[in-house]
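Here is the structure we will look at, set down as structure tokens.
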Amino acid sequence: MKKMKNAVALVLVAIMMSSCATLFGGPVTASQKRKPAGGEQQRQIRVVALVADIIIFAPSVIVDFATGAIYKPR
């Protein structure tokens, strides 16, 4: 029984740590990873992915921002 609880907990943590844009947004480009320099246009956020992250994967929104997957590719 304890092994089953540990397995379920592990699966839940894995689901929470994976995020919508990271999973379904495609490969992350170099322009998505780096911050725009002064004078450059700001990166646009994928609104649908952000809303899905907040509703479904709430704690993992930070993963999308950290990897740059939440931003639209150029």
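As numbered in mature numbering (1 follows the signal peptide of the UniProt record, and there is no 0), residues -21 to -1, 1 to 53 make up the sequence shown, in order. A virtual CB, placed ideally from N, CA and C, is assigned to each residue, including glycine.
If we call anything under 8 angstroms between Cβ atoms a contact, is residue i one with residue j?
i          : j     : result
V(-14)     : G47   : no
A31        : G4    : no
I34        : D43   : no
S39        : S(-3) : yes
residue 59 : R13   : Residue 59 lies beyond the residue range present for the chain, which begins at -21 and ends at 53; the question has no answer from this structure.
Given that a residue counts as buried once 16 or more other Cβ atoms are within 10 Å of its Cβ, and exposed if not, what is residue i?
i     : result
A(-1) : buried
Margin query: Between the segment 8 to 18 and the segment -19 to -6, can you find at least three pairs of beta-carbon atoms closer than 8 angstroms?
Written below: These segments do not touch.
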